[in-house]
Each structure stands twice: as C-alpha cells, then as structure tokens.
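Right, one structure below, let's go through it.
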Amino acid sequence: MAAGAGRPAVAILGTRGIPAAHGGFETLAERLAQHLAAQGWRVTVYCQHEVTTLRRRFSSTTWRGIELVHVQVAQTGALATLAFDGHCVRHAAQRDAACLVLGYNGAPFLPWLRLRGRKILTNMDGIEWRRPKWNAAVRAYFWVAEWIAAWTSHRLIADHPAIADHLATRRPRSAIATIPYGGDPVEAAPTAPLDALGLAPDRYLLSVARIEPDNSILPIVRAFSRRRRGLRLVVVGCLDAANPYHRAVRAAAGDEVMFPGGLYDPAIVRALRFHARAYLHGHRVGGTNPSLVEALWAGNAVIAHDNVFNAWTTGPGQFAFRDEETLEAAIDLALTRPEYLAPARKAARRRAAEAFRWSDVLARYEAELLALARDVARAEGRSEPDARAVGGTAPAPRSR
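Numbering (the working numbering) for the sequence shown: 11 to 410.
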C-alpha cells in the first residue's frame, strides 16, 4: 500500500484477465474487481497475452479504475499458462497488496509470494486431479499443486460445500471459507439470436460446456439421438476434428443435434438459456459450476448428472440422471410432460435467489480480502484499513 494511501490493495492472479471473455473465473475477476474499485480499493488484475515475439514483458493500462497488468508470454497452451503464472507471481511479490489467486494451476510459484511476505487467498476451484480427461502425469501434477496451494495460502475459498469437505482433508476447516459463484436474474431475452441459428423458443434443449468426457457430452448426444424428437438439441462448445472424443460426439449425433461451436457473446448465450425447453448439465466433477448457476438464474428446468456437486447447486425440483437410460427418461419427461417444467423453472429461480446473488458473493470475498489487507498493513507497520472507510464489510474470521 502506498504511503498515506489509507486504502486496501489487492492483486488478482490466475485468470486470463479482464474484461471477461473466457469463462467463470474471468467473470468473477471482472465483477469482483469492479466491486472493490467502487468501494475504494486499489485493484490490480493480471492479464495474459500470448505473443510470437516478446517485446515488453509487463505493461499497464487502466480500465474502469482498475489497473490491468498485461503480461506477454511467448509460449502457447499449458506452457504459456505456467509461464504467465510465474511472471505474475514475480511481479505481484513486489506489490504491497493482498493476493487473490483463482485456481491452483500455478501453485508451485506461490511459495515465492509467501516468502516475500504477501498474504494469499486462493479459490481452490474443483478437484482437478480427479478429471478423467487428464493423463497420469497431469493428474499427479494437479494433486501436488493442490497440496502446495492449500498449505501456501493463508486462506482457502471453496465454491461448494463438498469442495470445502475435500479441502478439510488438507487444511483445518477454520482456514476455509465457502463462497459459491454468482449470477444475475434473466427476466427477458430477445429472440434474434435464436432466429440467427434457425431455432424457435421452447423448441430445443441446451448444453453449454467444454466438450469433454467428464461433462457427459457423448452420453447426452447419444441419449437424445436414439430417436427423432421433433425439436433440437443445441450443444454449445468448441469442437476439434483432431480430438477423438469430439469425433465420437459428432458421429453419435442425429440430424436434430446442432453444434454452433463456442459462443462467447454473453447476450447470445443468455438468450439461448432463457428460451430453452430445458438445460442439460452433465458435469461429474467440480464444485459450483458457473454455467449451471447462470441456467438457474435464467429460470431453466435442469436435467443434471446425479452427483453431490450438481444436487446442492440445483436444489430440489429438478431432473437428475445417472446413466444413459435415466438420461433418456429425463429427456422424455421434459419433452412430453410440460406440466413438470413450470415447477422446475420456479424452483430454479428460487434456488438462484437463495444462494447465488452476486451482491452476497462479492461482499463475502471483500470481507476475506479486507482481513488479509489488514495483515499486510500490520506487517508493514502501517495503519490498518477500515471496512467503513472503503465502504466494505466486516472482516471474516480466519486462522493464522
């Protein structure tokens, strides 16, 4: 914190950056950064830029009162992400700010932040090493990275009670806060995005997910395609012809299945959700899934894989499946028994309002960060930031 500033400071690491264009963590970073800046915080967000020729490793711009530190990396893919995480940690270690780390992909670098006296709050995401898409070496890396992040961070965020239970096998529960993902209510949406895709309201089922085995995309496509339905299945996600799983998904699809590719315009995805007959969610591993939360806020009837993660997120009143047969039965109900849909849609909105309001989520993150910012001030021998002075909330209790 700059001398005499009297304002808490936070650096947000672990995402591709903002404005959000990629996924849930980026959306969280964007919403939280704007919230904190409006409350008087000094906010820094690290942004990844993959380049063919490295010209300037670090550069800064300002966006809506937030400092964006642009970090160039000359690698691609997973190596680019690791390099980016390493450079961000090196840069953030020189800042007098609490550090919010989203995910633990770059956990091996976090001890450097700790050695330099930075306070670390880490959102531990899902149990990445359990995902079947990874080979043994990658799973081993994530298993080790999870332990490093758990023990290097001062506080851990779980986005789901089952994730908190898992993290409690690594750290005491007093070091863990459970804060889910947030969303905004969708009360109306234009039909123009549907027109562009040749769709009609209430005449399609929708899936929005990475097309991977642990998201059950192949069983979803197969169950829907077993016979003609008289409406469409829209599977939003990027397909790569070189990927064997993607080829299997395409091969299993009947002519009523549509693959529009990856859609990243929030207005288009919001309209697709709002007008869908039902939302299909096949995720088997993870915590509170952002796409599922957004489906609840859109008032979707949900057909979700039956596991502890999805069951807590959706709450009661939705459809569940365990395998292809029970999935087909759930699809049949959604398509042929409209009387089941209205109660499910009401239950979705009720659950969203109960558990996934952005205002609540952001206030809880701010309370956690304010507690760390106070520790930063104590470590530097400066006056502690006051929640009332920055418009924030009281600090959350935490372990030391």
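Idealized CB from N, CA, C, for every residue including glycine.
Give every residue of the same chain whose Cβ lies closer than 8 Å to the Cβ of residue 248, excluding the five residues on either side of it in the sequence, and list them in chain order. 220, 221, 271, 272
Nearest-angstrom beta carbon gap, residue 354 and residue 327 [assumed within contact, 8 Å]: 5 Å
Would you call residue 104 buried or exposed, if buried means 16 or more other Cβ atoms sit within 10 Å of its Cβ? exposed
Say whether the region 367–374 touches the region 182–196, bearing in mind that this needs 3 or more beta-carbon pairs closer than 8 Å, one atom from each stretch. yes
To the nearest angstrom, report how far apart residue 230 and residue 292 are at their CA atoms. 7 Å
How far does the alpha helix (DSSP H) with residue 36 in it extend, from its first residue to its last? 34–48
Measure from the alpha carbon of residue 157 to the alpha carbon of each residue in 146, 25, 113, then state which is nearest. 113
Tell me whether the beta-carbon of residue 241 lies closer than 8 Å to the beta-carbon of residue 282. no
Between which two residues does the alpha helix (DSSP H) harbouring residue 355 extend? 351–365
With three or more beta-carbon pairs closer than 8 Å as the criterion, would you say the region 291–308 touches the region 252–270? no
What is the rounded straight-line gap between the Cα of residue 28 and the Cα of residue 58? 9 Å
Hey, out of 66, 80, 41, 22, whose CA is closest to residue 53's CA? 22
Start and end of the beta strand (DSSP E) containing residue 226? From DSSP, residue 226 is part of no beta strand (DSSP E); its letter is neither H nor E.
Look at the Cβ atom of residue 175, then the Cβ atom of residue 189, and state whether they are nearer than 8 Å. no
Which partner residues of residue 1 appear in the DSSP bridge assignment? As shown, the chain starts at 11 and ends at 410. That puts residue 1 outside it, with no answer to give.
Whether residue 263 touches residue 235 by CB criterion (8 Å): yes
Taking only runs of the alpha helix (DSSP H) that begin and end inside the region 290–342, which ones reach a length of at least 4 residues, in chain order? 300–307, 318–324
Residues that residue 188 bridges to, as DSSP identifies them: 168
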